[in-house]
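Read the structure below first, then the notes.
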Amino acid sequence: MTKKTILVTRPDESGQTLCELLQATGFIPVYFPTLAIHPLDIDKTTTKNILAKAHLIIFTSPNAVKYGAALVSKGAQVVAIGPGTAKALAAYQLAVDFPEEFNSEGLLKHLSLTNLIQKNVVIIKGVGGRELLAEGLKALEATVQTIEVYRRDVPDQIMSDEILTQVSIIVVTSCEALINLLKMTPNRLRSKLKTKQLLVSSMRIKQQVEALTFIQEPLLAKNALNTTLISELERMTD
């Protein structure tokens, strides 16, 4: 197999781990995170009091775990939006449940089997993002509170012609990461960026790629787990 150069847009540890796995598998990774994650200064006492009264606590990402899990008591009922988040929670010795479908829709489907009427549900998340989960829980007659523990920003790094020339495939695991990729690419290079093959981890991102008029149809992985992304890249390049 000719070594393919893969642009990794995941931030922080998850992106660095993906780069290490790619290198071990025979790919050439280029680490180009399109999200910068910053923790928020939250009132820990108030947050602990809110969490202590929760019947159910939902973590929406590994970063939500990184900046919020230490405030959760060991006996709490915890749900993760997917296995990556569940794996991050395991380090805090919390018993975790997660849905088969790794997104808000899948989690709502999973929770619809539970009686949440008048139950206190707390969502631990980053600033912004989709409101579907909170709205869906309210439709199930739960009392919903959100605690934002981090924010996402656009990194300062700028895409270069040199990077674009060497890259064969770009891995994108969120719509925000995709939008930021365009923001980080100078106008003169955007046409070149849009010729690249993208590997995405959800139908929502695939539809966003198509709406942004990338030339090649994006390839769709089953989920955003690093192991799944690697398997799909191996299949693509066989």
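Count along the sequence shown from 1, then add 10; that gives the number in my numbering.
Beta carbons: idealized from backbone N, C-alpha and C, even for Gly.
Assess, as a yes-or-no matter, whether the stretch 201-221 is touched by the stretch 36-52 under the definition of 3 or more beta carbon pairs within less than 8 Å.
no
What residue range is occupied by the uninterrupted beta strand (DSSP E) comprising residue 137?
Here residue 137 belongs to no beta strand (DSSP E), and DSSP marks it neither H nor E.
If we ignore side chains and look at the alpha-carbon of each, how far apart do residue 119 and residue 144 end up?
13 Å
Taking a contact to mean a Cβ-Cβ separation below 9 Å, would you say residue 142 touches residue 66 in this structure?
no
Neighbourhood of residue 22 by C-beta distance below 8 Å, restricted to the same chain and skipping five residues each side:
43, 47, 73
Mind checking whether residue 129 and residue 174 have CB atoms under 9 Å apart?
no
Looking at the unbroken beta strand (DSSP E) that takes in residue 49, where does it start and where does it end?
46-49
Could you check whether residue 68 and residue 181 sit closer than 9 Å to each other, using their CB atoms as the reference points?
no
Taking 7 Å as the limit between beta carbons, can you name the residues of its chain near residue 90, skipping five residues before and five after?
69, 96, 99, 106, 108
Quick one: what does DSSP say residue 208 is sitting in, helix, strand or coil?
strand
From 244, 242, 236, residue whose alpha carbon lies closest to that of residue 94:
236
Test item: CB-CB of residue 45 and residue 79 under 9 Å:
no
Looking only at its own chain, which residues have a Cβ that is under 8 Å from the Cβ of residue 223, when we skip the five neighbours before and after it?
204
Rounded to whole angstroms, how far is the Cβ of residue 35 from the Cβ of residue 240, which I believe are closer than 8 Å?
6 Å
Pick helix, strand or coil for residue 39, following the three-state DSSP scheme.
strand
DSSP state of residue 19 mapped onto helix, strand, coil:
coil
Would the beta-carbon of residue 221 fall within 9 Å of that of residue 131?
no
Own chain residues within Cβ distance below 8 Å of residue 14, not counting five before or after
37, 38, 178, 179, 243, 247
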